[in-house]
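Asks: Residue numbers (the numbering used here), protein chains in the order written: chain A, 10 to 165; chain B, 3 to 479. Note that the Cβ used here is the ideal one computed from N, Cα and C, for glycine as well. Please read these numbers as outputs of a predicted model, since none were measured by experiment.
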Amino acid sequence: MSRRPPTAVMAAILLVFLVNSGVAVMLTRRLHGPQPAALERRYVGVRSELANVARAAYVSDARWRFLEARFAVAPTILDPGFVARDLKARTITGFKIEEMVETAANQRGLIVLCDFKSRGGLDRFLAELGTEAHRRGVELRVRFADAGLALLAVGG
Amino acid sequence: MDASIVVVLGVLGAGCLLADATVGRGEVTLVERLLADLAWGPAIVAGLLSLTGFASLAVGLGQAGRGTLLAALAVAGLVAAAKRRSRPPLDASPPRSSAAGDRDALLSWTAVVAVTAGYGWSFLRWLSQRPLGSWDGMGIWTYRALQWFRAGDAFPSTIGLLVESKPGYPLLVPGLVTAELTLWGAETTVIPVATGWFWVLAAAAATALAVARRAPAAVAPAAAALLLSTPMVWNAAFGQGADLAVAALAVVAALGLGDLVVGDRPASAPAWLIGLVLGLMVWTKNEGAILASLLLVVAAVVARGRLTRRPRWTDWLGLAIGAVPGIAATVVLKTLWATSGEVERYLAPDLWSRLADPSRWQTVAGAFASRLVPWNGEALWGGTLVLLGGLAALAVVRRPAGGAAVAAALFGAPVLLSLAIDAGIYLITPEPLEWHLRTSLDRLGLQLLPLAVVAVLGGLVVSDPEPRTPKAGSGVP
Numbered sequence: 010m011s012r013r014p015p016t017a018v019m020a021a022i023l024l025v026f027l028v029n030s031g032v033a034v035m036l037t038r039r040l041h042g043p044q045p046a047a048l049e050r051r052y053v054g055v056r057s058e059l060a061n062v063a064r065a066a067y068v069s070d071a072r073w074r075f076l077e078a079r080f081a082v083a084p085t086i087l088d089p090g091f092v093a094r095d096l097k098a099r100t101i102t103g104f105k106i107e108e109m110v111e112t113a114a115n116q117r118g119l120i121v122l123c124d125f126k127s128r129g130g131l132d133r134f135l136a137e138l139g140t141e142a143h144r145r146g147v148e149l150r151v152r153f154a155d156a157g158l159a160l161l162a163v164g165g
Numbered sequence: 003m004d005a006s007i008v009v010v011l012g013v014l015g016a017g018c019l020l021a022d023a024t025v026g027r028g029e030v031t032l033v034e035r036l037l038a039d040l041a042w043g044p045a046i047v048a049g050l051l052s053l054t055g056f057a058s059l060a061v062g063l064g065q066a067g068r069g070t071l072l073a074a075l076a077v078a079g080l081v082a083a084a085k086r087r088s089r090p091p092l093d094a095s096p097p098r099s100s101a102a103g104d105r106d107a108l109l110s111w112t113a114v115v116a117v118t119a120g121y122g123w124s125f126l127r128w129l130s131q132r133p134l135g136s137w138d139g140m141g142i143w144t145y146r147a148l149q150w151f152r153a154g155d156a157f158p159s160t161i162g163l164l165v166e167s168k169p170g171y172p173l174l175v176p177g178l179v180t181a182e183l184t185l186w187g188a189e190t191t192v193i194p195v196a197t198g199w200f201w202v203l204a205a206a207a208a209t210a211l212a213v214a215r216r217a218p219a220a221v222a223p224a225a226a227a228l229l230l231s232t233p234m235v236w237n238a239a240f241g242q243g244a245d246l247a248v249a250a251l252a253v254v255a256a257l258g259l260g261d262l263v264v265g266d267r268p269a270s271a272p273a274w275l276i277g278l279v280l281g282l283m284v285w286t287k288n289e290g291a292i293l294a295s296l297l298l299v300v301a302a303v304v305a306r307g308r309l310t311r312r313p314r315w316t317d318w319l320g321l322a323i324g325a326v327p328g329i330a331a332t333v334v335l336k337t338l339w340a341t342s343g344e345v346e347r348y349l350a351p352d353l354w355s356r357l358a359d360p361s362r363w364q365t366v367a368g369a370f371a372s373r374l375v376p377w378n379g380e381a382l383w384g385g386t387l388v389l390l391g392g393l394a395a396l397a398v399v400r401r402p403a404g405g406a407a408v409a410a411a412l413f414g415a416p417v418l419l420s421l422a423i424d425a426g427i428y429l430i431t432p433e434p435l436e437w438h439l440r441t442s443l444d445r446l447g448l449q450l451l452p453l454a455v456v457a458v459l460g461g462l463v464v465s466d467p468e469p470r471t472p473k474a475g476s477g478v479p
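1. Can you tell me which of the three DSSP states R146 (chain B) falls into?
2. Would you say M140 (chain A) lies against chain B (beta-carbon separation less than 8 Å)?
3. Can you name the residues of chain A whose CB is closer than 7 Å to the CB of T386 (chain B)?
4. Just verifying my parser: in three-state terms, what is the DSSP assignment at I323 (chain B)?
5. Rounded C-beta distance between R105 (chain B) and G460 (chain B)? I'm assuming under 8 Å.
6. With a threshold of 8 Å, are at least 3 pairs of Cβ atoms found where one atom belongs to the stretch 348-358 of chain B and the other to the stretch 294-312 of chain B?
7. How would you list, in chain order, the residues of chain B whose beta-carbon sits under 7 Å from the beta-carbon of A21 (chain A)?
8. Taking a cut of 8 Å between CB atoms, which residues from the stretch 115-133 of chain B lie near chain A?
9. In chain order, what residues of the stretch 197-227 of chain B put their CB closer than 9 Å to some CB of chain A?
10. Starting from E380 (chain B), find everything on chain A with Cβ-Cβ shorter than 7 Å and list it in chain order.
11. Label M283 (chain B) either buried or exposed according to how many other C-beta atoms from any shown protein chain fall within 10 Å of its C-beta, with 16 as the threshold for buried.
12. Could you tell me which chain B residues have their CB closer than 9 Å to the CB of V147 (chain A), listed as they occur along the chain?
13. Distance cutoff 8 Å, beta carbons only. Does P158 (chain B) sit that close to anything in chain A?
14. What is the C-beta distance between V34 (chain A) and G120 (chain B), in whole angstroms, given that I count them as a contact (C-beta under 8 Å)?
15. Between L229 (chain B) and the rest of its own chain, which residues show a CB-CB distance below 7 Å, the 5 nearest in sequence each way excluded?
16. I'd like to know if A136 (chain A) contacts chain B, where contact means its C-beta is closer than 8 Å to some C-beta of that chain.
17. Within the continuous alpha helix (DSSP H) that includes G288 (chain B), where are the two ends?
18. In terms of alpha-carbon separation, which member of B:S442, B:L462, B:P233 and B:W42 lies closest to G404 (chain B)?
19. From the DSSP output, in three-state form, read off M3 (chain B) for me.
20. Identify whether Q242 (chain B) lies in helix, strand or coil by the three-state DSSP scheme.
21. Is it the case that the Cβ atoms of A239 (chain B) and L246 (chain B) are separated by a distance below 8 Å?
22. With a threshold of 8 Å between beta carbons, is D106 (chain B) in contact with chain A?
23. Please confirm if the stretch 425-437 of chain B is in contact with the stretch 308-323 of chain B, defined as three or more CB-CB distances below 8 Å between the two stretches.
24. Along chain A, which residues have their Cβ under 8 Å away from the Cβ of L393 (chain B)?
25. What's the gap between the Cα of F26 (chain A) and the Cα of T232 (chain B)?
26. Does the count of Cβ pairs from the stretch 144-160 of chain B and the stretch 35-42 of chain B closer than 8 Å reach three?
27. Once the 5 residues before and after T332 (chain B) are set aside, which same chain residues still bring their CB inside 6 Å of it?
28. Could you list which residues in chain A have their beta carbon closer than 8 Å to that of T232 (chain B), in chain order?
29. Against A113 (chain B), what residues of chain A qualify as contacts under a CB-to-CB distance less than 8 Å, listed in chain order?
30. Whose C-alpha, out of B:A5, B:N378, B:L387 and B:L393, is nearest the C-alpha of E189 (chain B)?
31. Is L296 (chain B) near L443 (chain B), with beta carbons less than 8 Å apart?
32. Tell me whether N29 (chain A) is buried or exposed, calling it buried when 16 or more other Cβ atoms sit within 10 Å of its Cβ.
33. Specify the secondary structure class of R308 (chain B) as computed by DSSP and reduced to three states.
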């Protein structure tokens, strides 16, 4: 066996190594906090699961006070797990959207917690929500929304 | 950063000691033996801890789990210490090479050291800025570990509660993190992040070792440096997902299978251990089951060739026995603890209409091809895929023969077959196709990257005109 690799191969590896390292450093520098706050919710949820209260698990008292202070909306919440699943199964149509808009209209506001795994999913949800609100003549203001953060506040 | 990193380093060290007693009989230099320990050690200890933790729950040991884990480590350590005395001595005279070859090797090892230092910085960066990891890490893998740690005895009854967090996903990575948290005795973000070192080191070491089997000395560290510098690997290392674990286990298993069927040197690992790692691939991710099957089938086919040896029936038996724990745990999880119905969703009645839709073929082909463009998206692949693709194309034109062709087939065929299967799954996926591709294709590619690096740098680009003659009776010690 040749004891030395072809020079061109080694040179190409070295070149790609340098380019790759530069990109990797850039990507790593872009990491910045804080972590999505919704993840705290997930972890809170785990504790409550142990008490077999999964439905209530998404929001602890402390978390709830944070949401109230942050978004200044009424403490009305729809079951997020079921919302998320229904959104997926029903392609974001059906009574859940109507329920959200109705709740937002009747109260000072609404907080919805749900799991969006992509910006596209969130955008589709917001579009459906906006359409339904327009149909009912309800003015909605989305206070906070981001894919992956799984936290959406809708001010009525 | 708290002191819990000591637990991670201790567990990793224990794995390497266990590996040192079990594998590496074919490795004759100190560097080779260290690489073998780093390659096999993380797999051994991750399997030991996650499977004993799972088994202790399954048989109702419950809170005795911590004692079970400690006892498992202690017993394994004693066995390792006893076996280590019987290790063959290291070769004091490493193979001679030319001055130019030495210079290449020095340059390559310098690159490995530099990129490893970069991983140290990346580790600290993730720890301070993203301690909960990537989306999948915090939503699935570390989430499951915390659920397990907090639930204790109740874990089996809570695992299926939140369907969004994929309760049917296998538990090697969460089990390892849970075991480390159990040994530490409290929750910490340090342990999940630091556990990424297991798979970084294992993937790099196994890749270097597999390349070193067939290529000149300088290519092995160059291959490790290329792998580690790839932004996708760098990005995944401390994101607490399970894809890098699959990648590492796959190349470790392929390394062992290669020794078994090529048979021109004492095998690095006994057949049962190779089987264990194949089973652990199943116990890590669903894709791991497919990849493990492909590795095994390809090895069986390659073993029928002129330049290879057919493993003895005891080897096959060893492989099968070794694979049982990982497969059995996965079956128990998926059938008794967390049924998912994922397969039924993919095989829904509209499967054929999805498959016959030409636009889906176009979308899938476009997504695969786009990864070859270095500046695509976040440039997660840098120049790695272009380099590997280019070298592979050139080598194929030259028609590889002998050991090079065997190595390329052993490591490369599973990559190509796996990509074909992945493409087929995308064609029938019930999820929104573009979303599915965008969120998973790079991770699937990551699982295959070390195998591809070995196939190209350890096989196709090697000028090895001399066919290797298998030694009768060699292989498993």
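Replies: Reading from the atomic positions:
1. Walking along the second sequence from the start, residue 146 (chain B) turns up at place 144. Note: R146 (chain B) maps to helix in three-state DSSP.
2. Locating residue 140 (chain A) in the first sequence gives position 131, where the first residue counts as 1. Checking the sequence, you will find Thr at residue 140 (chain A) rather than Met. Not one chain B Cβ lies under 8 Å of T140 (chain A).
3. Against the second sequence, residue 386 (chain B) aligns to sequence position 384. Ordered by position in chain A, the residues that pass the 7 Å Cβ test against T386 (chain B) are V25 and N29.
4. In the second sequence, the residue the question calls residue 323 (chain B) occupies position 321. Note: I323 (chain B) maps to helix in three-state DSSP.
5. Taking the first residue of the second sequence as 1, we reach residue 105 (chain B) at position 103. Taking the first residue of the second sequence as 1, we reach residue 460 (chain B) at position 458. With 8 Å as the limit, R105 (chain B) and G460 (chain B) do not qualify as a contact, their Cβ atoms being about 21 Å apart.
6. no
7. Translated into the one-based positions of the first sequence, residue 21 (chain A) becomes position 12. Going along chain B in sequence order, the residues near A21 (chain A) (Cβ under 7 Å) are L389.
8. A116, V117, G120, W123, S124, R127, W128, S130, Q131, R132 and P133
9. R216, A217, P218, A219, A220, V221, A224, A225 and A227
10. As a first step, residue 380 (chain B) is located in the second sequence; it is residue number 378 there, counting from the start. What E380 (chain B) touches in chain A: L36.
11. Taking the second sequence and counting its residues from 1, the one referred to as residue 283 (chain B) is at position 281. Classification for M283 (chain B): buried.
12. Indexing the first sequence from 1 puts residue 147 (chain A) at position 138. Within chain B, no residue comes near V147 (chain A); the closest Cβ sits about 28 Å away, beyond 9 Å.
13. The residue given as residue 158 (chain B) occupies position 156 in the second sequence. No, P158 (chain B) does not count as interfacial toward chain A.
14. Position 25 of the first sequence holds residue 34 (chain A). Position 118 of the second sequence holds residue 120 (chain B). Contact holds; Cβ gap of about 7 Å.
15. Numbered from 1 along the second sequence, position 227 holds the residue referred to as residue 229 (chain B). Answer for L229 (chain B): A205, A206, T209, V235, L451, P452 and V455, listed in chain order.
16. As a position in the first sequence, residue 136 (chain A) is number 127, starting the count at 1. Chain B contact via Cβ: absent.
17. Within the second sequence, numbered from 1, the residue matching residue 288 (chain B) stands at position 286. The question names Gly, but residue 288 (chain B) is Asn in the sequence shown. Unbroken alpha helix (DSSP H) run through N288 (chain B): N288 to V304.
18. Position 402 of the second sequence, counted from the start, is the residue given in the question as residue 404 (chain B). Closest by alpha carbon: B:L462.
19. In the second sequence, the residue the question calls residue 3 (chain B) occupies position 1. Three-state DSSP puts M3 (chain B) in coil, outside helix and strand.
20. Taking the first residue of the second sequence as position 1, residue 242 (chain B) is located at position 240. Reduced to three states, the DSSP call for Q242 (chain B) is coil.
21. Within the second sequence, the letter at position 237 stands for residue 239 (chain B). Within the second sequence, the letter at position 244 stands for residue 246 (chain B). Going by C-beta atoms, A239 (chain B) is nearer than 8 Å to L246 (chain B).
22. Walking along the second sequence from the start, residue 106 (chain B) turns up at place 104. Yes, contact with chain A.
23. no
24. As a position in the second sequence, residue 393 (chain B) is number 391, starting the count at 1. Chain A residues near L393 (chain B): V18 and A21.
25. Taking the first sequence and counting its residues from 1, one reaches residue 26 (chain A) at position 17. Taking the second sequence and counting its residues from 1, one reaches residue 232 (chain B) at position 230. Approximately 8 Å, taken between the alpha carbons.
26. no
27. Looking up residue 332 (chain B) in the second sequence gives position 330. The answer, listed in chain order, is P172, V284 and W285.
28. The residue labelled residue 232 (chain B) in the question sits at position 230 within the second sequence. Simply N29 and A33.
29. In the second sequence, counting from the first residue as 1, residue 113 (chain B) sits at position 111. Here the neighbours are L23 and F26.
30. Taking the first residue of the second sequence as 1, we reach residue 189 (chain B) at position 187. The shortest Cα separation from E189 (chain B) among B:A5, B:N378, B:L387 and B:L393 belongs to B:A5.
31. In the second sequence, the residue the question calls residue 296 (chain B) occupies position 294. In the second sequence, the residue the question calls residue 443 (chain B) occupies position 441. Result no, Cβ atoms of L296 (chain B) and L443 (chain B) do not sit closer than 8 Å.
32. The residue given as residue 29 (chain A) occupies position 20 in the first sequence. Answer is buried; the Cβ neighbour count reaches 16.
33. Working through the second sequence from its first residue, we reach residue 308 (chain B) at position 306. If DSSP states are grouped into helix, strand and coil, R308 (chain B) belongs with coil.
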